[in-house]
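Q: Going by my numbering, the sequence shown opens with residue -16, and the numbers climb by one from there.
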Amino acid sequence: MTAPRLLEGLIDSADLRRRLTALVADGADGGNPAIRAKVLTILKEERAKTRDRVQRLLLADRRGVLCAERLSHVQDELIRVVYDFAVTHVYPVKNPSSAERLSVTAVGGYGRATLAPGSDIDLLFLLPYKQTPWGESVVEYILYMLWDLGLKVGHATRNVEECIRLSRSDLTIRTAILEARWIWGDRPLFDELTVRFDQEVVQGTGREYIAAKLAERDERHKRQGMSRYLVEPNIKEAKGGLRDLQTLFWIAKYFYRVKDARDLIQAGVFSRAEYRRFERCDDFLWGIRCHMHFATNRAEERLSFDLQREIAARLGYVDKAGQRSVERFMKHYFLVAKDVGDLTLIFCAALEEEHVKQTPALNRLLGRFTRRRKPKVVGDGGPFVVDNARINVADPTVFERDPVNLIRIFHEADRHNLDFHPDALQLMTRSLRLIDEAVRNDEGANRLFVDVVASRHSPERILRRMNETGVLGRFVPEFGKVVAMMQFNMYHHYTVDEHLLRTIGELSAIEKGAIKDEVPLATELFPGIQNRKVIYVATFLHDIAKGRPEDHSLYGGKIARKLGPRFGLTPAETETVAWLVENHLVMSSVAQGRDLNDRRTIETFAEIVQSPERLRLLHCLTVADIRAVGPGVFNGWKGQLLRTLYYETEPFLAGGHSQVTRDQRVAGAKRELCDRLVGWSEEDKKAYVERHYAPYWLRVDIARKIEHATFIREATRDRKHLATSVMPHIFEGVTEITVLADDHPRLLSAIAGACAVAGANIVDAQIYTTTDGLALDTIFVGREFPDDADERRRGQRITALIEKTLTGVERLPEQVEQKKGLVKARLKAFQIPTDVMVNNAWSDRFTVIEVSGLDRPGLLFDLTREISDLNLNIASAHVATFGERAVDVFYVTDLIGHKVESRSREKTIREHLVRAFDGPSREAARKPAA
């Protein structure tokens, strides 16, 4: 608890009482509405003044817990002043009966004497045995005054007996009373409550309370996403947040009946160092929470991207080499969250082991097993024992005698599928200094470590424990540098270390066939991988160089070449690992941003990959990597693109790509379609195949060719020059929309605009022109509904808007402009420079334009309109979004079908597309100057 002197001077309650008393000095009725209004005005001014003072103090001293205590102190004084005014000047009682007593008590978080700027004020109005008109009036006066001050007040009015009875059956009420704190009024009433609560509720119920609180904590973690390394964490409720520290203290207070967290040292729960760690975590988290509430002027608990920059500045973080200030701040946050996890893990596990291991219900809750009478010895030389299905050290000197045991214990835990005993976890954390260069270079230690990384059991679980204890970062210092490292973007959902561990977990799931329905090709390919150790090590290292000024893929390759020999890899294995690390983004980039039906795309990718084995390795690593980015990032459409790239590239690497000429492939594709067109006359077949140019035959799969043939035939029969169709694809997670219309340069732009207005996200587009002047455009939009019927109706609403746009019924520019104003608040937190590349080497037939920058509504509409204005024809468009970053790729020709070869023309394209991306609306830009 903070020393009283640090709270002095925040609010002069004596002066405040004098000012309020002066309002009724001439005998005026304190309950008069005019007097009440003046009271409220004075209190509002005082509250605003003190809050401003507390915020300035927080910015100056950066002491989070002290800020919360200052706010609580101010709130206490305001309540005391209001209470005194109510009982003295509004509802005075000359001869109060024993029933006309009232104790104002703080409960919940407010009961701990800590209060965030936007927190609820939780009050218990405590009565002796029944409510009286006087008590009801006083409570009502206090509550309405607090509400009119703009406070959120949670309250209950109960007598002592009701509090005892309800706290027996309701865990929330029990916890609230556990933290009850007297504020003002009748003190003996409060003392009676605390004595009876301790004797009649707490005694003998410690195990029951602990089990319930741990179950409540686990459920809360599940709601918040189970990871303490989410990049937009909930400061209060998330794993590793304030609520975890509070749960720890609730349990300790209930079980040990301590009044202050410091008492946990004397109770033997924490060492002095662990208690200091507890204090540092509590202070840091409280500081962030108070800053968030002050910055937003509301009870904001989610540390969102748009808040992170401001809080980092408030806390004094600055940019340093390789990391922005916001990333340094968030790394500090995640290290604190990790410390909270360590403290709660050791504390709760030790508590369960020490005090409640005989309780069957709790043992079932925690997944424990019956203790063996004689612990089983494991490990060479018997340094470890199995204790209650958990691995433990045989004696406290195990790591001192042989520091390699700090690695060996994880190997044995993996081998025997054991969890860790709290004593072992605590001893490991305290023995980290033993991991020095000798241990890091020990051949046996490295062999054991690689066995864990490439385990066939549960490598993610063991590596996570290794990371939580700090052993992983000490044994592999390069990994230690990315522990708790956050990347300030919307694409990555986790810190770098958490992402690496999750990628290992995804790879293991692929190998076991656990997700074969979602990633069928990767599951099929994995058994054919010749050296599984190589892909697991590469997966562990693929983002190891994040946070450095250099390109993390290239620098990661250098780290892989350094660590490979240390890990016992052969030169060939080391080189393969380094290649995978250097190229781990290539397959995803090509699949999502290039035309996979363009021969040059496949040839270039095949030149990078060079062998079928590397292609298998890269495909499995890419799938695991994308899936570990965050929930929903990997979808069926991305999986389909990766599979298509694999299937197109594999024949090149196998040497089969040059056996058939282009003309022969076109002719073969025509024959294949004709053979499938059942019920068509030979004359109709011949006429139809002549309507498509060669690129169509080489780039479209047979299933879509058949669909297109039926679609175009029906439109021709009905003499339609504008027709649309909708086809949901549940596995790929997209809906295919096909538009047949008279060809003109702005067709794709009109389609993109209609989709923008409809809120549909285009992920890919293919554009074909028929020999008789029609355009056959196929776009793929992200799926919104799980049910095909619902999704089809949505697609039909989109196509209806497309048709209205193309027939002139709807005017898009104004509607798209309105959508641009709806930029998500999260996007406003980011600044990404716009980059436009014009490349003629990526395709034999087309100029490829790649535009990247900050995503926004209507972007594709603006870009395609600008490309049309530049007199360019778009053959295909590939749209990818990586969080806040959009990467749009267009395959284009000039109006006569040639590449753009002129340097000055390329410069003009870049300038116009940067303007379309960044500048004002094109309509505004075109207006003549006044």
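Don't be surprised by glycine CBs; every beta carbon is placed ideally from N, CA and C.
1) Is there contact between the region 854 to 863 and the region 749 to 764, where contact requires at least three CB pairs shorter than 8 Å?
2) Tell me whether Gly765 sits in a helix, a strand or coil according to DSSP, three-state version.
3) Measuring alpha carbon to alpha carbon, tell me which residue in His204, Phe317 and Trp233 is nearest Val465.
4) Is the beta carbon of Glu715 less than 8 Å from the beta carbon of Trp620?
5) Take Leu789 as the anchor and find which of His394, Ala706 and Val616 has the nearest alpha-carbon.
6) Is the Cβ-Cβ distance between Phe312 and Gln291 less than 8 Å?
7) Going by Cα to Cα distance, which pick from Leu231, Ala724, Ser254 and Asn424 is closest to Leu698?
8) Is it true that the region 835 to 851 meets the region 729 to 736, where meeting means three or more beta-carbon pairs spaced less than 8 Å apart?
9) DSSP on Met275, reduced to helix/strand/coil?
10) Within 10 angstroms of its Cβ, does Phe746 collect 16 or more other Cβ (buried), or is it exposed?
11) Spell out the partners DSSP gives Arg141 in its beta bridges.
12) Quick one: what's got a C-beta closer than 7 Å to Ala589's C-beta in the same chain, skipping five residues either side?
13) Cβ of Val870 within 8 Å of Cβ of Glu833?
14) Bridge partners of Phe403, per DSSP?
15) Might you give, ordered along the chain, the residues of its own chain that have their beta carbon closer than 6 Å to the beta carbon of Leu656, omitting 5 neighbours on each side?
16) So what's Thr584 in DSSP terms, helix, strand or just coil?
17) Kindly provide the ranges of any alpha helix (DSSP H) runs that are 4 or more residues long and lie completely inside the region 498 to 522, ordered along the chain.
18) To the nearest angstrom, how far is it from the Cα of Arg898 to the Cα of Arg307?
19) Just tell me which of Leu784, Ile695 and Glu767 has its CA closest to the CA of Cys738.
20) Spell out a yes or no on whether the region 132 to 139 and the region 71 to 85 are touching, meaning 3 or more CB-CB pairs, one atom from each, closer than 8 Å.
21) Looking at the strands, I want to know which residues DSSP matches up with Pro711.
22) Could you spell out where the alpha helix (DSSP H) holding Gln114 opens and where it closes?
23) Quick check on Glu(-9): buried or exposed, where buried means 16 or more other Cβ atoms within 10 Å of its Cβ?
24) Of all the options Asp419, Val459, Phe393 and Asn424, which has the alpha carbon lying nearest to the alpha carbon of Asp434?
25) Where do the N-terminal and C-terminal ends of the beta strand (DSSP E) with Asn856 fall, by residue?
26) Taking only the alpha-carbon atoms, compute the straight-line gap between Arg525 and Asp534 and give it to the nearest angstrom.
27) Less than 8 Å between C-beta atoms, sequence neighbours within five positions excluded: which residues of the same chain meet that for Ile218?
28) Is the Cβ-Cβ distance between Gly94 and Arg164 less than 8 Å?
29) Applying the criterion that 16 or more other CB atoms from any shown protein chain within 10 Å of the CB defines a buried residue, is Met449 buried or exposed?
30) Hey, Ile125 and Ile62: beta-carbon distance below 8 Å or not?
31) First and last residue of the alpha helix (DSSP H) that includes Ala570?
32) Who are the near neighbours of Ile156 in its chain, counting only those whose CB is closer than 6 Å to its CB and skipping five residues on each side?
33) For Ala159, decide whether its Cβ has a neighbour in chain B, counting only Cβ atoms nearer than 8 Å.
34) Can the beta-carbon of Glu395 be found closer than 8 Å to that of Gln513?
35) Using only alpha-carbon positions, find the residue among Asn618, Leu328 and His567 that is nearest to Leu600.
36) With 16 other CB atoms within 10 Å as the buried threshold, where does Gly187 fall?
A: This is what the structure gives:
1) yes
2) strand
3) Phe317
4) yes
5) Each of His394, Ala706 and Val616 was checked against the Cα of Leu789, and the nearest Cα belongs to Ala706.
6) yes
7) Correcting the residue identity first, residue 698 is Ala in this sequence and not Leu. Nearest C-alpha to Ala698: Ala724.
8) yes
9) In this structure, Met275 counts as helix in the three-state DSSP scheme.
10) Rather than Phe, the amino acid found at residue 746 in this sequence is Val. It counts as buried.
11) Leu109
12) Thr632, Phe635 and Leu636
13) yes
14) Ile374
15) Closer than 6 Å at Cβ, skipping near neighbours: Lys688.
16) helix
17) 503 to 508
18) 28 Å
19) Leu784
20) no
21) The partner list for Pro711 (beta bridge, DSSP) reads Thr718.
22) That residue, Gln114, is in no alpha helix (DSSP H); it is neither H nor E in DSSP.
23) exposed
24) Phe393
25) Leu855 to Phe865
26) The sequence given here places His at residue 525; Arg does not occur at that position. Going from the Cα of His525 to the Cα of Asp534 covers about 12 Å.
27) Gly224, Leu225, Leu268, Ile271, Arg272, Met275, Glu284, Arg285 and Leu286
28) yes
29) With 16 or more Cβ atoms within 10 Å of its Cβ, Met449 is classed as buried.
30) Cβ atoms of Ile125 and Ile62: closer than 8 Å.
31) According to the sequence provided, residue 570 is Met. The question's Ala does not apply to it. Where Met570 is concerned, the enclosing alpha helix (DSSP H) stretches over Val569 to Gly576.
32) Leu149 and Ser150
33) Judged by its chain identifiers, the structure shown contains no chain B, having just a single protein chain.
34) Their beta carbons are not under 8 Å apart, which means Glu395 does not touch Gln513 by this criterion.
35) His567
36) exposed
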